[in-house]
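Asker: The numbering of the sequence shown is the UniProt record's numbering, which starts it at 1 and goes up by one. C-beta atoms are modelled at their ideal positions from N, C-alpha and C, and glycine is treated no differently.
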Amino acid sequence: MYDPTRLAALVAVAEAGSITRAAERLGYTPPALSQQLAKLEREAGAALLVRHHRGARLTAAGELLAARARTVLDELERARHELARLTGLAGGTLRSAPSRPRGSICCRRCSARSAGRIRTWS
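(1) Cβ of A66 less than 8 Å from any chain D Cβ?
(2) Which runs of the beta strand (DSSP E) spanning at least 3 residues fall entirely within the UniProt domain "HTH lysR-type" (1-59), listed in chain order?
(3) Please determine if the region 70-81 and the region 42-61 are in contact, where contact requires at least 3 C-beta pairs separated by less than 8 Å.
(4) Whole-angstrom Cβ separation of A47 and A61, contact assumed at under 8 Å?
(5) Taking 8 Å as the cut-off, decide whether the C-beta atoms of A14 and R25 are in contact.
(6) Would you kindly check if the distance between the Cβ of A9 and the Cβ of L33 is under 8 Å?
(7) Just tell me which of P30, S18, R85, G27 has its CA closest to the CA of L49.
(8) Just tell me which of M1, R21, V11, P98 has its CA closest to the CA of G55.
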């Protein structure tokens with residue numbers, strides 16, 4: 001079974017055209033992303049990427065897996081939303097912009113403490 005995180009990495013490289021840009025988008029270092037992609041290639045039993053000096057491109061096997069990965073990742077996201085609605089854990093994104101450095105520290109502490117306790121936002 002393929003790891004969804006690794007599938008998302010492959011899709012990110014396909015969209016970004018390079019491991020470096022994909023790593024930036026995903027919040028990884030390029031070596032960490034390369035390691036995940038190498039694991040995915042071993043799982044798939046095929047080369048998924050051709051790395052070159054200007055980036056990376058997907059092989060035919062990589063294109064096939066990336067296309068399927070997009071479907072799988074979309075379905076997993078849909079399932080997450082449906083389960084959240086079913087269990088009353090539907091949520092959204094809360095953004096804050098404190099005006100002072102001290103406020104920023106306080107907001108981070110509060111959000112870290114309450115992240116697991118907040119069930120719904122109205």
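Answerer: Looking at the coordinates:
(1) Absent from the structure: chain D. Only one protein chain is present.
(2) Complete beta strand (DSSP E) runs here, min 3: 49-52, 55-58.
(3) The region 70-81 vs the region 42-61: no contact.
(4) A47 to A61, Cβ: 7 Å. Contact.
(5) In this structure, R25 does not lie closer than 8 Å to A14 by Cβ.
(6) For L33 and A9, yes; Cβs fall inside 8 Å.
(7) Its Cα nearest to that of L49, the residue S18 stands out among P30, S18, R85, G27.
(8) Ranking the options by Cα distance to G55, first place goes to R21.
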